[in-house]
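Chemist: My questions will all concern the structure given below.
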Amino acid sequence: MKLPEKRSERLKLIGLIVVVVLAAFYGVYVAVSGHFARVREQATKIDELKRKLEAAQTAVKQMERDLGANAMIVDSIINTALRQGGVLRDRLGNYLLSAQEILETYAKRSNVSLDTITEVGISQLPQMGSKGQAGNFRGYTVRVGLQCGLHELVRLFANIETNNPYVSVLGLSIVGQPDKPDRHSVSFEIQWPIWADTSLPAMLETQVQQNAGGMLTNSPALSVVGGEERS
Amino acid sequence: MNLRVDLILESEQRSGSLLNKKFLLRAVAIVVPLAVLLLIFKEAGRALRLNGELTALTQQWKVIEPKQQQALRFMETYRWNLEIQKELEGWRKSRLDWHTQLVGLMRETPRNIQLQSLRVDQALQMVDNKTPARKFTLALKGKAVGVDAETAVKLLERRLREAPPFAGITTNVQVTQFGADPSKDAKKEDRIFEISCAYRDLKFE
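Read top to bottom, the protein sequences are chains B and G. Read in order, the letters of the first sequence are residues 1 to 231 in this note's numbering. Read in order, the letters of the second sequence are residues 1 to 205 in this note's numbering.
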């Protein structure tokens with residue numbers, strides 16, 4: 001094929017060819033770049049899904065590994081804190097009645113009589129929980145006054161302290177009485193942990209029941225325990 | 001005089017080389033579209049494969065996502081339970097068994113010493129700016145009788161530092177007051193004393 005003889009026609013033809021070639025290139029560019037963008041997008045989605053799947057599988061495997069350990073921890077908390085009375089429980093919001101009952105039981109066992117049991121109050125320990133949060137427990141303190149010998153006092157403390165690993169004698173004053181050398185004037189402060197949120201024991205009991213029924217991971221209580229309501 | 005005779009026209013001339021312009025143009029006209037076609041097939045195959053993979057992964061995700069949510073809720077609960085256990089451990093570790101301390105005190109007090117008063121105090125404080133701890137102090141007031149009064153007080157001070165159940169948990173034991181007994185019935189060699197004893201920090205951890 002020969003180009004036209006006339007210069008103007010030749011230029012027109014060349015111009016047309018250039019336009020067609022450019023249009024073709026543009027068309028190819030649009031099609032190819034669109035295709036590659038879609039492919040890139042899919043590849044990104046695939047990578048993201050793979051990462052999420054891997055994380056999910058790790059979480060599920062971790063859960064399967066920790067189920068037993070969690071059940072043991074909950075059992076241990078329930079046993080020591082609730083069933084064995086390690087954490088003082090209130091009676092309709094009154095802790096003094098519970099504390100009096102415990103102290104009088106041990107006093108009776110130790111052959112001493114308590115003169116006074118007065119409430120000091122509830123205190124919060126600074127930054128007990130992780131990340132500086134208020135912890136799950138508060139301290140409930142009472143002051144006890146009595147007159148007894150040192151051996152009786154040791155017996156009373158031994159009874160209290162060996163039966164509850166969490167109770168703590170915070171303060172103690174023993175003053176000798178010149179007229180009664182075998183009976184001292186004693187006063188001590190004793191502190192129990194109490195639940196910061198009184199609904200927590202019930203949640204723990206629920207977990208134990210669910211552990212027994214193998215329903216732990218479907219528990220509605222878990223979403224309460226694990227959700228924002230605890231923050 | 002030169003005579004020139006053109007036997008063929010210039011347009012009729014042929015190249016003797018294997019690679020001439022026409023051949024190259026024809027080769028390009030076949031190879032390039034073929035390469036483009038191959039590329040298109042390859043890319044189409046890739047797109048189909050990715051699409052299939054994405055569909056399969058999406059299905060897998062739909063199945064595992066609820067399980068992951070369960071696992072995350074469980075982990076939160078597990079962490080919370082661990083925290084409760086840790087806090088309870090803190091309560092256990094931060095207390096001092098005073099019945100053991102009192103038994104030790106009765107056993108380690110020399111016979112010529114009569115304790116007149118005993119006082120225990122506790123203060124809560126932060127250790128290393130992050131862990132709360134109980135800090136116990138013990139203050140003893142008493143009277144030592146006889147010529148060995150001073151030796152007995154020194155012995156009690158040493159035992160409060162070194163003998164069980166005090167060893168390792170008392171950090172600072174010192175006689176804060178020592179002097180003649182001012183009471184009327186006291187003998188010349190009788191002494192009164194005060195001992196203060198600080199215990200190491202018992203952390204809630």
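In this text, a Cβ means the ideal position worked out from N, Cα and C, and glycines have one as well.
Determine the extent of the beta strand (DSSP E) in which B/Gly-121 is found, giving its start and end residues.
Modeler: First-last of the beta strand (DSSP E) with B/Gly-121: 114-123.
Chemist: Quick check: the Cα distance between B/Lys-6 and G/Asn-20, rounded to an integer number of angstroms?
Modeler: Distance between the alpha carbons of B/Lys-6 and G/Asn-20 is about 29 Å.
Chemist: Classify B/Asn-136 as buried or exposed, calling it buried when 16 or more other Cβ atoms lie within 10 Å of its own Cβ.
Modeler: Buried, because 16 or more other Cβ atoms sit within 10 Å of the Cβ of B/Asn-136.
Chemist: Please go through the same chain and pick out, in chain order, the residues whose beta-carbon is closer than 8 Å to the beta-carbon of B/Leu-232, but skip the five residues on each side of it.
Modeler: With chain B represented from 1 up to 231, any question about residue 232 of chain B goes unanswered, as that position is not in the structure.
Chemist: Contact defined as beta carbons within less than 8 Å: I believe G/Val-153 pairs with G/Arg-92. What is the distance between those atoms, to the nearest angstrom?
Modeler: So it is not a contact: roughly 35 Å between Cβ atoms.
Chemist: Answer with yes or no whether the minimum CB distance from G/Gln-174 to chain B is below 7 Å.
Modeler: Output row for G/Gln-174: interface = no.
Chemist: Can you find a CB in chain G that lies within less than 7 Å of the CB of B/Phe-25?
Modeler: It does not: the Cβ of B/Phe-25 has no partner Cβ on chain G nearer than 7 Å.
Chemist: 7 Å is my cut-off, CB to CB: does G/Glu-87 come that close to chain B?
Modeler: Yes, contact with chain B.
Chemist: Do G/Thr-171 and G/Arg-161 count as a contact pair if the criterion is CB distance below 7 Å?
Modeler: No; because the gap between Cβ atoms is not below 7 Å, this pair is not in contact.
Chemist: Mind pulling the chain B residues with CB within less than 8 Å of G/Arg-92?
Modeler: The contacting residues are Pro-165 and Tyr-166.
Chemist: Mind listing, in chain order, the continuous alpha helix (DSSP H) runs of no fewer than 4 residues lying wholly within the stretch 139-167 of chain G?
Modeler: Runs of the alpha helix (DSSP H) inside the stretch 139-167 of chain G: 149-162.
Chemist: Would you list, in sequence order, the uninterrupted beta strand (DSSP E) runs of no fewer than 3 residues that lie entirely inside the stretch 9-63 of chain G?
Modeler: If we require 3 residues or more, the stretch 9-63 of chain G turns out to have no beta strand (DSSP E) run fully inside it.
Chemist: If you measure from the beta carbon of G/Lys-203 to each beta carbon in chain B, is any gap under 7 Å?
Modeler: G/Lys-203 does not count as touching chain B.
Chemist: Excluding the 5 residues preceding and the 5 following G/Arg-49 in the sequence, name in chain order all residues of the same chain whose CB lies nearer than 6 Å to its CB.
Modeler: Taken in chain order, the list of residues that qualify is empty.
Chemist: Say whether chain G places a C-beta atom closer than 7 Å to the C-beta of B/Gly-149.
Modeler: False, the Cβ-Cβ gap to chain G never drops below 7 Å.
Chemist: I want to see whether chain G comes within less than 7 Å of B/Ser-8, judged by CB atoms only; does it?
Modeler: By this cut-off, B/Ser-8 is not an interface position.
Chemist: Residues bridged to G/Thr-131 by DSSP?
Modeler: G/Thr-131 is bridged to G/Val-127.
Chemist: Could you check which residue in G/Phe-178, G/Met-75, G/Ala-29 and G/Val-36 has the C-alpha nearest to that of B/Ala-31?
Modeler: Of the listed residues, the one whose Cα sits closest to B/Ala-31 is G/Val-36.
Chemist: When DSSP labels each residue in this structure, what does B/Gly-86 get in the three-state scheme?
Modeler: Residue state, collapsed to three classes: coil.
Chemist: Using a Cβ-Cβ cutoff of 9 Å, what residues of the stretch 12-43 of chain B are near chain G? List them in chain order.
Modeler: Within the stretch 12-43 of chain B, the qualifying residues are Val-28, Val-32, His-35, Phe-36, Arg-38, Val-39, Gln-42 and Ala-43.
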